[in-house]
Structure formats: structure tokens, C-alpha cells
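Participant: Under full-length UniProt numbering, the residue at position 88 of the sequence shown is numbered 88, and the numbers go up by one with no gaps.
Think of the CB as a built atom: it goes at the ideal place given N, C-alpha and C, for glycine as much as any other residue.
First, the structure itself, so that you have it in front of you.
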Amino acid sequence: MSQINLELVTQVYHAFGARDFSVIERLFDPDIEIKEAAQLPWGGRHVGHEGANTYFGTMLAHIDANVVPQSIFAAGDDVVMMGRGVGKTTGGDVAFDVPNIHVWHLREGRVVGFDNYVDTPAMLAALDGATHLN
């Protein structure tokens, strides 16, 4: 199961890189729960496909980012990715390269949970810098 879960999460990363949210929706359980620091504009708790759409839509309204995995491994039914979020604020104003950890919770071949731990102060600083430039 560990290898299957790793492959599924890798598919999510490829789909996100291509901004193919139809694939992501197919891989996400209808009751998926996404959590990220509430201080970020896209943060908080998002539930279901509608919540996932809100999460990604709000995030991409603020940043154009890609995930650069540095280490990814299975931990039971979970997959953990340690890496970096690299990109720019929308409009290309402020570049950022922040460490992040993703914890993916999987069940029966679908993603049922996603916890995103990012260097929140660094991300807020990039967002604040973009606000001051406008």
C-alpha cells in the first residue's frame, strides 16, 4: 500500500504543476479535509471538493507557486513530503522560496486529508511585500 500511496501523491503533485484540477478532484475523496495556517489568505480548514476548490483558487489568486519535493516517504496510510514552495506572488511582484511539509492522509486509494505546514512568517512577508508594491 505504501508504494501505491506514494504514486497517488506523486500524481497530485504532477496535476498541481500542470494546474489540472480535474485530476486532483478525481484523486481527492469527496469529503477531503485540507488544513493550513489560518493566518494565510487561503489558510484554515477546507472540507470537500468545494472546499478544495476554494483553497486552491484563493491560493492561486495570491501566489503562483510550485512544490519542489526534497524528500517523500510513506508513513503507514500517510505520505509525508518535505520540500520547498517556490514561486512569486501574483503579478510576479515578490519571489519566495519557503520550506514546507505536506502530510497526506490516504484511504482506499484516495486522498482524505492534506495538512500543509509552510514557513508562515516567510510567506506572510512575501505577501506583505507584494501588497506594498501595489
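State the DSSP-derived secondary structure class of D31, mapped to helix, strand or coil.
Facilitator: strand
Participant: What are the boundary residues of the alpha helix (DSSP H) that L106 is part of?
Facilitator: Run containing L106: none in the alpha helix (DSSP H); it sits in the beta strand (DSSP E), 95–107.
Participant: Smallest Cα separation from V118: which of I24, D78, W42?
Facilitator: W42
Participant: Counting only the same chain and skipping the five closest in sequence on each side, list residues whose C-beta sits under 7 Å from that of V98.
Facilitator: R84, G85, V118, D119, A122, M123
Participant: Relative to the C-alpha of R110, which residue among D78, A126, G129 is closest?
Facilitator: D78
Participant: Using CA atoms only, rank isn't needed, just tell me which of Q39, N66, P30, F56 is closest to H49.
Facilitator: P30
Participant: Identify, in the order they occur along the chain, each residue of the same chain with its Cβ nearer than 7 Å to the Cβ of T54, setting aside the five sequence neighbours on each side.
Facilitator: Its chain contains H46 as the residues whose beta carbon lies nearer than 7 Å to that of T54, once the 5 sequence neighbours on both sides are disregarded; these appear in chain order.
Participant: Using three-state DSSP, classify G43 as helix, strand or coil.
Facilitator: coil
Participant: For the beta strand (DSSP E) holding A65, just list the boundary residues, first then last.
Facilitator: 63–75
Participant: Tell me which residue opens and which closes the beta strand (DSSP E) that G87 is part of.
Facilitator: 78–89
Participant: Under DSSP, the alpha helix (DSSP H) around A18 begins and ends at which residues?
Facilitator: Per DSSP, A18 belongs to no alpha helix (DSSP H) and is neither H nor E.
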